[in-house]
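Student: Take this structure, written in structure tokens, and hold onto it; I'll ask about it next.
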Amino acid sequence: MTDLTPILNELLKSHDARPTTDPSLSLQNIDSFLKEAYEINAGIVSLSRELRGIRQSYLSTAPPPRRSALSQKGKEWKHLTDRQRDEIDAQTKRLLRELNARIRMLADAEQVRQNTEETIRRKKFGRLGLGMLGKWAAGGAGQTKTMDEELDEAKANEIKMHRESVLWYLREKLQECGQFQASMMEKRIMRQIEKNKNMISMSRMAGPELGGFENAPMPPSTSQSSSVAHLETKEQYTDQDLTPEQIQMFEQENQDMLKHYESTLDQVRCVTHLLREMWKC
0 MTDLTPILNE LLKSHDARPT TDPSLSLQNI DSFLKEAYEI NAGIVSLSRE
50 LRGIRQSYLS TAPPPRRSAL SQKGKEWKHL TDRQRDEIDA QTKRLLRELN
100 ARIRMLADAE QVRQNTEETI RRKKFGRLGL GMLGKWAAGG AGQTKTMDEE
150 LDEAKANEIK MHRESVLWYL REKLQECGQF QASMMEKRIM RQIEKNKNMI
200 SMSRMAGPEL GGFENAPMPP STSQSSSVAH LETKEQYTDQ DLTPEQIQMF
250 EQENQDMLKH YESTLDQVRC VTHLLREMWK C
């Protein structure tokens, strides 16, 4: 986080005020709640920056070159394989869950602190004088709270509101980061499907061997799809006086294309499942 103290000091000087010199404003001297909040926020910012940095490479459908996927500096990925993309998805999911768990733990600890503080405050002011029963017996049940009690409650409420705002901010930023990753995964699959459709269209235009494949966008199973493709191919190519070797070659190409298309559909189902699991955390 950027240190704004110098800017604040310049602003104070312009108004003939003394600059801040309180060492308690440093990160080392703040309470444990804010320390943990700063660390969680730093993790969210780092993850978000990394995702935005690799977004273009992550969504690229161009084949990887022969050179290394990493740049010479080792800080940017210019080209990513499907395996690297899957690793990014898995690592991001793990980090999101860890950050979400830390926010929950921080919120739980804050709730315990508030409950404990409320109990102590009640005991503290309940023991003053004759206590609540003594005040009622003395005819003071309708009296307002003491100045010390009001100041103590005001201080507690201020801390409570501030920390709840911090927790809300962390949750919002984590949700934005998760939504950004989810949109990347969805676009990746959609682009891959579109690329496969273009490949199928180009193959169909290049030759008749893919005839009838467009009627099976969602093949029920590999065995059924292969059987249909085999029958269609055999009937079609028998009429064209092709040799058995040519028919067999076309059948194999049909089966390979079907398997590739089914594999892409399986990836879509897998990513959908991962997205659902991610938002359960």
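Just so you know, we're using numbering that gives the first Met the number 0 here: the sequence shown kicks off at 0 and counts up by one.
Just so you know, even glycine gets a beta-carbon here, dropped at the ideal spot from N, CA and C.
From a predicted model like this one, the values you see are computed outputs, not experimental measurements.
For Phe32, tell me which candidate among Glu86, Arg103, Ser47 and Asp15 has the shortest Cα-Cα distance.
Tutor: That would be Arg103, whose Cα lies nearest to the Cα of Phe32.
Student: Could you check which residue in Arg17, Ile53, Asp107 and Phe124 has the C-alpha nearest to that of Met183?
Tutor: Among Arg17, Ile53, Asp107 and Phe124, the Cα nearest to that of Met183 belongs to Ile53.
Student: If you draw a straight line from the alpha carbon of Asn58 to that of Lys186, how long is it in whole angstroms?
Tutor: Looking at the sequence shown, residue 58 is not Asn but Leu. So the two alpha carbons sit approximately 7 Å from each other.
Student: Can you tell me whether Lys92 is helix, strand or coil according to DSSP?
Tutor: DSSP places Lys92 in helix when its eight states are reduced to three.
Student: Considering only residues of the stretch 142-184, which uninterrupted beta strand (DSSP E) runs meet the minimum length of 3 residues and lie entirely inside it, listed in chain order?
Tutor: Within the stretch 142-184, no complete beta strand (DSSP E) run reaches 3 residues.
Student: Taking DSSP as the reference, what is the three-state secondary structure of Arg17?
Tutor: In the structure shown, Arg17 sits in coil (DSSP, three-state: anything other than H, G, I, E or B).
Student: Could you compute how far the alpha carbon of Arg96 sits from the alpha carbon of Leu11?
Tutor: If you take the alpha carbons of Arg96 and Leu11, they lie about 43 Å apart.
Student: How long is the line joining the alpha carbons of Pro5 and Pro18, rounded to whole angstroms?
Tutor: If I take the Cα positions, the gap works out to 9 Å.
Student: First and last residue of the alpha helix (DSSP H) that includes Pro47?
Tutor: Here residue 47 turns out to be Ser, not Pro, going by the sequence shown. Element bounds for Ser47: Ser31 to Leu58.
Student: Name the residue from Asp107, Ala181 and Glu175 whose alpha carbon lies nearest to the alpha carbon of Val159.
Tutor: Note that residue 159 is Lys in the sequence shown here, rather than Val. Nearest C-alpha to Lys159: Asp107.
Student: Rank Glu49, Lys144, Gln245 and His78 by C-alpha distance to the C-alpha of Gly125 and give the top, closest one.
Tutor: Per the Cα distances, Lys144.
Student: Expressed to the nearest angstrom, what Euclidean distance is found between the alpha-carbon atoms of Val165 and Arg112?
Tutor: Those two C-alpha atoms are separated by around 15 Å.
Student: According to DSSP, is Asn8 part of a helix, a strand, or is it coil?
Tutor: Asn8: helix per DSSP, three-state reduction.
Student: Do the CB positions of Lys123 and Asn40 come within less than 8 Å of each other?
Tutor: No; because the gap between Cβ atoms is not below 8 Å, this pair is not in contact.
Student: For Thr80, which three-state DSSP category applies?
Tutor: Thr80: coil per DSSP, three-state reduction.
Student: Could you give the distance in angstroms between the alpha-carbon of Gly42 and the alpha-carbon of Arg93?
Tutor: Distance between the alpha carbons of Gly42 and Arg93 is about 12 Å.
Student: Between the C-alpha atoms of Arg190 and Leu257, what's the straight-line distance to the nearest angstrom?
Tutor: Approximately 18 Å, taken between the alpha carbons.
Student: Leaving out five residues on either side along the sequence, give the residues of the same chain with a beta carbon under 7 Å from the beta carbon of Arg162.
Tutor: The answer, listed in chain order, is Phe32 and Glu109.
Student: What is the DSSP secondary structure of Asp255, counted as helix, strand or coil?
Tutor: Three-state DSSP puts Asp255 in a helix.
Student: Counting only the same chain and skipping the five closest in sequence on each side, list residues whose C-beta sits under 7 Å from that of Arg170.
Tutor: Excluding sequence neighbours, Arg170 sits near Ile102.
Student: Note down the Cα distance separating Glu38 from Asp255, rounded to an integer number of angstroms.
Tutor: Glu38 and Asp255: Cα-Cα distance of roughly 49 Å.
Student: Let me know the secondary structure DSSP gives Ala100 once reduced to three states.
Tutor: Three-state DSSP puts Ala100 in a helix.
Student: Buried or exposed for Glu117, please, with buried defined as at least 16 other CB atoms from any protein chain shown within 10 angstroms of its CB.
Tutor: Glu117 comes out exposed.
Student: In the structure shown, what three-state DSSP assignment does Thr118 receive?
Tutor: Note: Thr118 maps to helix in three-state DSSP.
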